[in-house]
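Shown next, in structure tokens, is the structure this report addresses.
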Amino acid sequence: MTTTAHELVATLEELDVEYVFGYPGGRAIELFEHLPDSDVTVVRPRDEREASVMAEAYGRLTGRPAVLTGQGPWIGSLGAIGQMEARLASSPMVVLTEASERGEYSTLAPYQQSRGDYGGLGLPDILEGITKEWWFPRTPVETLRSAQLAFKHAVAGRPGPTAVILDGNAITDEVPDDPTPPAWDAREQARTWDAAPTDDDVAAAVDALEAADRPVVIAGNGVHAAKAYDELAAVADAYDCAVVTSYLGKSTYPETEDRAAGVIGSFGHEGANRVVSEADTLLVVGCRLNPMDTNWQAPEFVRPDEQTIVHADVDARNAGWVYPADVGLIGDAAESLAALAEAGSGENGWALERAAEAREWFTAPECRDDSSPIKPQRAAKEIERVVDEGTIVTADSGNNRFWLLYYLQTPAVRTYFGSGGVGGMGWAQPAAVSAALTTDKDVISVAGDGGFSMTMNSVETAVEYDVAPTFVVLNDTSLGMVRQMQDDGEIAGVEFHDTDFVQVAEAFGAVGRRVTDPDDLADALEDGKAADTPHVVDVRIDREEEMADQLASSFYESVGGLHE
């Protein structure tokens, strides 16, 4: 017989887990004792927050769950940010944590005990609120079976984070040879199947698209999750559609393509929003249509009484959730789109012309501005120039994200991923390190100085694990998005000390460079991209350039003229 911890690590190997991101502590130490003898790569960043984002980003990029592990109180607090992002961004992740209780002492004024009973912390309550599913097994066999089910549920249907809380001495107990009930083969237990829409629903969707004069596809994060890029392009071509994306769907379709019309929503392009409002048929794929996607449901944007809506989603609950749908296609996005592409075709002559007009919103005079401090629009365009099909951009939360969303025109699929599930600041840096570790792509992280400061220890993690993302800081020495909301009165807490990020980078073992002249930014980005050492590029942007001014017509006016 062998211990539960040993068998858990063997299960990870059997399920082809590549990475465990985590921090040793509590009963998770038992896992860390066995991992060095396995084929699983352990990445230990500086804290559980960074580890959780790295695990989430791995799941989003690959479609396979990485493991987040560590001591329960910290996985449920510091590590919650990545789990929340995974829950709302549909990223698979498996969390192996523990209750930090020591047998008979768990009821005696417990220290760090997280079982949820009197005197301790309620880790199960936390995980109930942020994960897709969780288990709290109490025996060795139950622990192994729970881990297998965690991997199954992380990818079944709409992907998301799942968690297993390791309890007491069960992690070090021996696994019986012939238990009843048994634990099955890990691969067989964790197996899943893709769902596909019914033939009748596909036929109804084909009829709607073939009858359309102005068809538009709204591509969301579900296209990323299913890697349904070729299928999306095939449908757009077959039915002569314009293609817009949600924020999380950005780079599901190259924004340089003739049918591309940009990003919709309150922080998207007015041109893309107009294309949606002019459509007579909308094919919504893998997008929940959240309030920011829909301009806070501005009545002139999406109109179910006047437009035909075909909603494709892996979860039946999402189809027709926000707007009543005429047809629902329930299944994996790749399956639904492939069925549509094979079953019909149409031609209208409207999409290409309107998409070309909409793409004009990717540029503005400020994109060519030579002044200093650097216009953020110009910075976004300089970043765009170094992005090719072999590059991934990870974008943080705040104004920096929206400058990129608005002005960085993605040249290929899978070139842009942003913090937009729960939208936490500090996501971009650990996500970039994860992308650099787990793909063969060049990686550029973009954040404001506020978000960069939250997780700038990711630079050290990159140095330690010998990867070289380029960390771009759009620096306005403030919490820029909130600061720009100030109207008649001041908002407390929006100004930051001017940190010398060049020295920070060098202290971590990276290369730091401050850029104040826009003509120097291209070289700094090229140097960072070509280097074998992480680069931090501190870009001093014009703090008076307001993001809200770009959005006046598409956001503020649509919700009743909030912008004066």
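In the working numbering, the protein residues as written are 273 to 836.
Quick reminder that beta carbons are idealized off the backbone N, C-alpha and C, glycines included.
{"Query": "Cβ separation of GLN681 and GLU503, assumed to be a contact under 8 Å, to the nearest whole Å", "Result": "Contact flag wrong, Cβ pair sits at about 22 Å."}
{"Query": "Candidates GLY540, ASP389, ILE402, PRO433, of which the one nearest TYR679 by Cα", "Result": "GLY540"}
{"Query": "Selected residue, minimal CA-CA separation from ASP439, among THR663, ALA708, ALA277", "Result": "ALA277"}
{"Query": "Buried or exposed (CB count within 10 angstroms, at least 16 for buried), TYR390", "Result": "exposed"}
{"Query": "Delimiting residues of the beta strand (DSSP E) encompassing HIS807", "Result": "807 to 812"}
{"Query": "Any 3 or more C-beta pairs closer than 8 Å across the stretch 548 to 556 and the stretch 644 to 652", "Result": "no"}
{"Query": "Boundaries of the alpha helix (DSSP H) in which ALA794 is found, first to last residue", "Result": "790 to 802"}
{"Query": "Cβ neighbours of VAL776 in the same chain (closer than 8 Å, five flanking residues each side left out)", "Result": "MET728, VAL731, GLY784, VAL808"}
{"Query": "Beta-carbon proximity check, ARG500 vs GLY335, cutoff 8 Å", "Result": "With the sequence shown as reference, residue 500 is identified as Ala, and Arg is not the correct amino acid for it. Taking 8 Å as the Cβ cut-off, ALA500 and GLY335 do not qualify as a contacting pair."}
{"Query": "CB contact below 8 Å: ALA782 versus chain C", "Result": "Protein chains in the displayed structure number just one, and chain C is not present."}
{"Query": "Local Cβ density within 10 Å of ARG463, reported as buried at 16 or more and exposed below that", "Result": "exposed"}
{"Query": "Secondary structure, alpha helix (DSSP H): runs of 4+ residues fully inside the stretch 596 to 668", "Result": "605 to 615, 623 to 630, 648 to 657"}
{"Query": "Beta-carbon proximity list for VAL574, same chain, < 8 Å, skipping 5 on both sides", "Result": "VAL548, SER549, LEU554, LEU561, THR566, ILE581, TYR595"}
{"Query": "Cβ neighbours of GLN756 in the same chain (closer than 8 Å, five flanking residues each side left out)", "Result": "ASN671, GLU818, MET819, ALA820"}
{"Query": "Distance cut-off 7 Å: GLY720 Cβ against heavy atoms of the ligand FAD", "Result": "By its list of ligands, the structure shown contains no ligand whatsoever, and the ligand FAD lies outside what it can speak to."}
{"Query": "First through last residue of the alpha helix (DSSP H) which encompasses PHE408", "Result": "From DSSP, PHE408 is part of no alpha helix (DSSP H); its letter is neither H nor E."}
{"Query": "HIS541 - partner residues in DSSP beta bridges", "Result": "HIS541 pairs with nothing; no bridge assigned."}
{"Query": "Alpha-carbon to alpha-carbon, THR666 and ALA704", "Result": "6 Å"}
{"Query": "Contacts around GLY833, its chain only, beta-carbon distance under 6 Å, and the 5 residues preceding and following it disregarded", "Result": "Unreliable positioning characterises GLY833 in this predicted model, as indicated by a pLDDT of 35, which lies under 50. A coordinate reading is not provided."}
{"Query": "Outcome for GLY432 when other beta-carbon atoms lying within 10 angstroms are tallied against a minimum of 16", "Result": "buried"}
{"Query": "GLU529 (DSSP reduced to helix, strand or coil)", "Result": "coil"}
{"Query": "Classification of PHE827 by the beta-carbon crowding that lies within 10 angstroms, buried from 16 upward", "Result": "Here the model assigns PHE827 a pLDDT of 41, short of 50, so the residue's position is not dependable, and the following value carries that caveat. Result: buried."}
{"Query": "Identity of the residues DSSP links to ARG786 by a beta bridge", "Result": "ASP810"}
{"Query": "ILE763 classed as buried or exposed, judged by whether at least 16 other C-beta atoms fall within 10 angstroms", "Result": "exposed"}
{"Query": "With 16 other Cβ atoms within 10 Å as the buried cut-off, status of SER830", "Result": "Model confidence at SER830 stands at a pLDDT of 43, short of 50, so the residue's coordinates are unreliable and nothing is read from them."}
{"Query": "Length-filtered (3 minimum) beta strand (DSSP E) runs lying within the stretch 734 to 783", "Result": "742 to 747"}
{"Query": "Same chain, Cβ closer than 8 Å to ALA628, neighbours up to 5 away in sequence not counted", "Result": "ASP530"}
{"Query": "Beta-carbon proximity check, ALA611 vs VAL488, cutoff 8 Å", "Result": "no"}
{"Query": "Cα-Cα separation between GLU400 and ALA796, rounded to whole angstroms", "Result": "45 Å"}
{"Query": "Close-in-space but distant-in-sequence residues of the same chain around VAL314 (CB under 6 Å, 5 per side omitted)", "Result": "VAL292, LEU307"}
{"Query": "Reference SER644; option with closest CA among VAL586, THR788, LYS801", "Result": "THR788"}
{"Query": "Option in ALA442, GLY494, LEU287, ASP810 with minimal Cα separation from TYR525", "Result": "GLY494"}
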